[in-house]
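Residue numbers (my numbering): 27 to 558.
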């Protein structure tokens, strides 16, 4: 065999070992340090074998081979450094400067497992979806789906990290690979979290009823009185205990009545006034004593009335206003004094009205709004001063309305929602809402409700937001929505189990809201109750 063929064979052998060992070192180099040591040992052994073959050759051949092998080794070392150093330097960077943490204050997060299994949206924006993190498939970001796969880059080879600032590695079914998703596109302003709040049924009342009252007693229990069951007017009353979720019958009222009022007095007793029974509109009033579960008649009001309002004043007295006496709408008002158990007339309102609302303001005065008057629907509002017994007109609402709601907000303003604005012989449900500022006596429109409605309820929650439930707008509704005074916006929340109107809603001491009874649009009154 010639010297040239021998040297060529050795070079071929050396080249193969160089390529194989270099490939192994680079491949293992992306995994960790220990595999590099193993692969390097393999390379050293291969190099020693080549050197052993070289030393057996003639001096002239040996010198030539040593130069070529040395050049080959140097080239392999340079190639190894160039190929592996950037990646391992990046690995050191990732360890010391990890992917930005998700800021739950600004970033919309989601439970990917729940979203996927229950097939619920993570946001009220339907263009958003839940992308699971590659580092934890149970956790995800709620982010916009409006992007092209060509506009995002693939995650690093570890499928867990991204080298682009303000991105995070997520799984993308549409793109078919993990991608580096820009966190700014997962902002809560783009993808507002969808609050999934469910309504839960609780124990049924003994009687189905609507146009009844519900009062939260000082002990936290709820007293429900009277109403109509679709066939007869009720004098029955029952107590709901939130701690057990059960109803218990209590003493019957002396008079059956519906479209009446019930007010919890400072002594813990409950004053029930007026209303309608099978025969007529009532003058009568009675007191419920929770300690005995019994009712006692007290002096009758000066005027019979239903569809009226009753407001507990800061001095403990109760102001009763307006209503309907069976023939006409009333503008008169009277005050009940619990200390003497007597009624006294006070100044008349400027307008007769029924189907109106009354709110005790933070300054102790009473704001009355809207209603149906003898000349039609009212946009007017007036304020009662208990220290003088005088009514004063204030700014008109933007919309005339009745069968609406009014709620005293934590900032002292009053939110009025919905109601009916009749046109001819039919009522038109309103979705508008407006806010009264007692410091200026003016009204300002705020965001419209998502659904038009009247015969609904409004409850001020412990977080200051306002929950609106059910009502009517050509059909009976089971929808609910929440108003946020800080943003003047409405958000839908979970639908109730039953659609109902003429129901009641009570904020319990535990922060939950108890909805009772109501009408289903047929001849039946609900005996069901639900909790929010």
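From the three backbone atoms N, C-alpha and C, an ideal C-beta is built for every residue, glycine too.
- Scanning 430, 445, 515 and 201 for the CA closest to the CA of residue 474 turns up 515.
- Under DSSP, residue 502 shares a beta bridge with 498.
- CA-to-CA, the gap between residue 214 and residue 430 works out to about 33 Å.
- Residue 104 sits in a helix when the DSSP states are folded into three classes.
- For residue 460, the enclosing beta strand (DSSP E) has its first and last residue at 459 to 463.
- In the DSSP annotation of this structure, residue 513 is not part of any beta strand (DSSP E), being labelled neither H nor E.
- In this chain, the beta strand (DSSP E) harbouring residue 312 covers 311 to 315.
- In the three-state scheme derived from DSSP, where H, G and I count as helix and E and B as strand, residue 209 is classed as helix.
- Assigned with DSSP and collapsed to three states, residue 192 falls in coil, not helix or strand.
- Only residues of its own chain outside the window of five on either side were considered, and among them 412 have a CB closer than 7 Å to the CB of residue 341, listed in chain order.
- For residue 550, there is no enclosing beta strand (DSSP E), as DSSP marks it with neither H nor E.
- Distances from the alpha-carbon of residue 533 to those of 477, 441, 433 and 480 put 433 closest.
- Here DSSP, grouped into helix, strand and coil, assigns residue 156 to strand.
- Put simply, the region 176 to 194 does not touch the region 216 to 232. Fewer than three CB pairs are less than 8 Å apart.
- In this structure, residue 327 and residue 300 form a Cβ contact; the two beta carbons are roughly 6 Å apart against a cut-off of 8 Å.
- The region 453 to 470 makes no contact with the region 517 to 530, as fewer than three CB pairs between them are under 8 Å.
- The Cβ-Cβ distance between residue 455 and residue 441 does not fall below 8 Å.
- For residue 362, the enclosing beta strand (DSSP E) stretches over residues 359 to 363.
- Note that the region 235 to 247 does not touch the region 193 to 203; fewer than 3 beta-carbon pairs, one per stretch, sit closer than 8 Å.
- Three or more beta-carbon pairs separated by less than 8 Å link the region 359 to 379 to the region 393 to 410, which places the two stretches in contact.
- The beta carbon of residue 182 sits closer than 7 Å to those of 188 and 189, all from its chain and outside the five residues before and after it, given in chain order.
- For residue 176, the three-state secondary structure derived from DSSP is helix.
- Annotation for residue 345: the continuous beta strand (DSSP E) segment containing it runs 344 to 347.
- Between the alpha carbons of residue 354 and residue 471 lies a distance of about 31 Å.
- According to the DSSP assignment, residue 408 belongs to the beta strand (DSSP E) that extends over 407 to 411.
- When the alpha-carbon of residue 170 is set against those of 152, 186 and 162, the nearest one is in 152.
- The C-beta of residue 550 has fewer than 16 other C-beta atoms within 10 Å across all chains shown, which makes the residue exposed.
- The C-alpha of residue 249 lies about 13 Å from the C-alpha of residue 261.
- Our two residues, residue 436 and residue 291, have alpha carbons roughly 22 Å apart in a direct line.
- In the structure shown, residue 257 falls within a coil segment according to DSSP collapsed to helix, strand and coil.
- Shown here, residue 265 sits in a strand according to DSSP, grouped into three states.
- Sorting 448, 336 and 478 by C-alpha distance to the C-alpha of residue 361 places 336 at the top.
- Contact check for residue 385 and residue 393: beta-carbon distance about 5 Å, within the 8 Å limit, so the pair qualifies.
- Spatial neighbours of residue 287 in its own chain (CB-CB distance under 6 Å, excluding positions within 5 residues in sequence) are listed in chain order as 299 and 336.
- According to the DSSP assignment, residue 337 belongs to the beta strand (DSSP E) that extends over 335 to 338.
- Counting along the chain, no beta strand (DSSP E) covers residue 476, and no H or E run does either.
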